[in-house]
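>
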Amino acid sequence: MCCNTVNRRAFLAMTSGVLAGAGIVAQGGATLPEWPADYWNPEKPYRPTGAAVRVKPVLMYATPQRREAASWKSWGAF
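Position one of the sequence shown corresponds to residue 860 (the working numbering), numbered consecutively onward.
1. Return yes when the C-beta of Glu902 is under 6 Å from any heavy atom of the ligand FAD, and no when it is not.
2. Could you check what DSSP says for Ala881 in three-state terms: helix, strand or coil?
3. Alpha carbon to alpha carbon, how far is Val912 from Ser875?
4. Quick one: Cα of Tyr905 to Cα of Ala929, how far?
5. In three-state DSSP terms, what is Thr908?
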């Protein structure tokens, strides 16, 4: 059996989506809206939106310190 199989539910979802899209196109409702002339201007400077990117650590570790009456046996996982 190949891994590119489609189950019944996914097949019905895809088929209904295609049929609905074909019905909209057949009725003439799938026209693209007019874009304003200044929507994309390559000479216009880039204006970033949103918050600044924060870099967070991915891997952190702690160096074990010697303590009195404590076991050095590793109890933690990765």
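The beta carbon of each residue, even a glycine, is placed where N, CA and C say it ideally should be.
All values derive from a computational prediction rather than experimental measurement.
Reading it off the structure:
1. Ligands displayed in this structure: none; no statement on the ligand FAD is therefore possible.
2. Helix, per DSSP.
3. 41 Å
4. Straight across, the Cα-Cα distance linking Tyr905 with Ala929 is about 58 Å.
5. coil
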